[in-house]
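Residue numbers (this note's numbering), protein chains in the order written: chain A, 1 to 139; chain B, 1001 to 1345.
Structure first, then comments.
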Amino acid sequence: MTNAWIAIGALAAVAVIIPLSMMLVSWLLRPSVPEQGKRATYESGEIPTGSSRSIKFNIQYYMVALLFVVFDIETVLIFPWTVIYTDAIEQVGLFRALVPMLVFIGILVVGLAWAWRNGAVEWVRSERAEEQRIERTEG
Amino acid sequence: MTLPETLNGLLPIGGLAGEVVAAVIGAALIGTIMLTNTAVAGPWAKRKITAKFTDRIAVNRVGPAGLLIIVADAVRLLAKELIVPEGVDRPAWDLAPLLIASSALLGFAVIPMGSGLQLADPETGLAFVFAVASMASLGLVMAGYASNNKFSFLGGLRAVAQNLAYEIPLVLTGASVVLFTGTLQMSEIVAAQQGALFTLGPVAIPSWFAFVNPFAFVLFMIANLAEVGRNPFDIPEAPTEIVAGYQTEYSSVYFVLVYLGEFVHIFLGGAIAATLFLGGPAGPILPGFVWFLIKIWAVFLFTQWARSALPRVRIDQLIQIGWKGMLVLSFANLVLTAVIVGAIA
């Protein structure tokens, strides 16, 4: 039995070398004529205004991102349970194998329900956006 | 027996050096196989399939059935000038295409392709492949932020939101398969699907998890569409809304790498779906590797079908479908599967 991670490491190396060699081939083939207008940021043919890093974008889904961390750790905890589940039923019975995980998932579902009720799992949840939405449906 | 072990038996070198040489040869072979598939899919098959769906002809001038367009496109794109836009965040902007392409390729390390073509078979195979597949979203964010373009920036942020929403349903439906198999090792997951579920006259229906648990399969395919960013979830690119999303400012070889990475990612999604739900490389008469190719191309065809047939959802709808629909359903699937497996055992 050879070590699996040697092979995975080899593919990691190959997976980096292939794109790098493509970059090298392209570097040998391609012309370089950096004119002024050519390098302008693409904004549908208009003269670009400002930098993309100076615009203020409201990342309203940060609550979703926080929720994701919770659920992601949860899946990490669920995976070992799924692996030993059938063995655990044989050893300690269905009740003790299943119910603690159901309680665990139940707590998280309550958390999701709370987030849902508070409007955390929405793309836009500012009051102003909500107002605009109502105006649009009325007009 | 994995591919490096077979090669190691053929090579006259022993010890660690032999292992490393065999691993590198095996890795190069797997990488070449997947790049060949991608080369056929990207410039040729995608155009042909989309053309068939929309009643057009597509490429047919260069070579038989336009097949040589693959070579022509490769040369054309690699020989294009690399335009570096003003104000890009240089190391990140260069690293993003590399990360997108190589993370998708790395996922194939643990996929059993049949006919002895499996590079590695660690006990944590499934966890590894999910972990590597989700690394691509980091590349998308890097590309979106570093491009200094508002469309790219929006595309990158959308990519994060989408991957956050659909990663958990994807992994949880994968976990519901593990409930049946009791292992994360890919070869064991394939082996668990070899028996006959029931016989329908002369035809034995195999116990593929797509037949055992069709609900999980449907959930997985939907989450997979979102994961690879194809309609109805192609929000991060959304050509009619934000130009091309995170890849707006990429040209020449970087564009090739981003594009290639996307297609390898579609194939990786197909390979995970094939391994978890479609019996991996199993199938009658034809050798295993051919069946593996048929299955991943079937999933590819499905993504292209969805691309041609389904309208794009809005970003807020996407978040709602993900968090209020898919997540709840995938939890229901997991709990129900656990109860049913427990009742059978």
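Glycine is no exception: its CB is placed at the ideal position from the N, C-alpha and C atoms.
Remember, it's a predicted structure, so these values are computed and weren't measured experimentally.
Alpha-carbon spacing of G1139(B) relative to L1154(B), whole angstroms: 14 Å
Note the first and the last residue of the continuous beta strand (DSSP E) segment covering F1198(B). A1196 to L1200
Top-ranked residue by Cα proximity to A1022(B), from A1058(B), G1009(B) and G1031(B): G1009(B)
Is it true that the CB of G1270(B) sits closer than 8 Å to the CB of M1186(B)? no
Return the CA-CA distance between R1090(B) and A1146(B), expressed in angstroms with no decimal places. 7 Å
Helix, strand or coil for V1122(B)? Go by DSSP, reduced to three states. Checking the sequence shown, residue 1122(B) turns out to be Pro, not Val. Coil at P1122(B), not helix or strand.
Could you give the DSSP three-state label for A1204(B): helix, strand or coil? strand
Can you look up Q36(A) in the DSSP assignment and give me helix, strand or coil? coil
Go ahead and label N1213(B) buried or exposed: buried means 16 or more other beta carbons lie within 10 angstroms of its beta carbon, across all protein chains shown. buried
Quick one: Cα of E90(A) to Cα of A1345(B), how far? 8 Å
Does the Cβ of L1318(B) have 16 or more other Cβ atoms within 10 Å, making it buried, or fewer, making it exposed? buried
Just how far apart, CA to CA, sit A1017(B) and F1277(B)? 37 Å
Quick check on the DSSP output: the alpha helix (DSSP H) that includes S51(A) runs from which residue to which? Note, S51(A): premise wrong, no alpha helix (DSSP H); not H, not E.
Can you list the residues of chain A that S1102(B) reaches, using a CB-CB cut of under 7 Å? A15, V16 and P19
Presumed contact (8 Å Cβ cut-off) between V1084(B) and R30(A), rounded CB distance: Not really, about 12 Å apart at Cβ, beyond 8 Å.
Report yes or no: is there a C-beta of chain E within less than 8 Å of the C-beta of F68(A)? Among the protein chains of the structure shown, namely A and B, there is no chain E.
If you measure beta-carbon to beta-carbon, which residues of the region 1164 to 1178 of chain B are closer than 8 Å to chain A? L1164, A1165, E1167, I1168, V1171, L1172, A1175, S1176 and V1178
Report back the beta-carbon spacing between A1143(B) and Q1247(B) to the nearest angstrom; my notes put them in contact at under 8 Å. 7 Å
Per-residue DSSP class, three states only, for Q1320(B): helix
For F1053(B), which residues of its own chain have a beta-carbon under 6 Å away from its beta-carbon, when the five flanking residues on both sides are left out? S1308
Which residues in chain B have a C-beta closer than 7 Å to the C-beta of S51(A)? List them in chain order. G1087 and N1148
I'd like to check one pair, F1130(B) with L1268(B): are the Cβ atoms closer than 8 Å? no
Near-chain A residues of the region 1251 to 1274 of chain B (beta-carbon distance less than 7 Å), N- to C-terminal order: S1252, V1253, V1256 and L1257
On a CA-only basis, which of F1180(B), I1025(B) and E1123(B) is nearest I1340(B)? Give me that one, please. F1180(B)
Of all the options I1013(B), E1086(B) and T1240(B), which has the alpha carbon lying nearest to the alpha carbon of I47(A)? E1086(B)
Give me the chain B residues within the contact set of I47(A), using Cβ-Cβ distance strictly less than 9 Å, ordered along the chain. What I47(A) touches in chain B: nothing, since even the nearest Cβ is about 12 Å away.
Cβ atoms of E1167(B) and S1134(B): under 8 Å apart, would you say? yes
Name the chain B residues whose beta carbon is nearer than 8 Å to that of Y62(A)? The premise fails here: Y62(A) is roughly 10 Å from chain B at the closest Cβ pair, so nothing lies under 8 Å.
When DSSP labels each residue in this structure, what does V1059(B) get in the three-state scheme? coil
Own chain, CB closer than 7 Å to G1031(B), minus 5 neighbours either side, in chain order: L1105
So with CB distances below 9 Å, who are the chain A contacts of I1189(B)? The premise fails here: I1189(B) is roughly 11 Å from chain A at the closest Cβ pair, so nothing lies under 9 Å.
Hey, Q1162(B) and A1244(B) are a contact pair by Cβ (cut 8 Å); roughly how many whole angstroms apart? With 8 Å as the limit, Q1162(B) and A1244(B) do not qualify as a contact, their Cβ atoms being about 16 Å apart.
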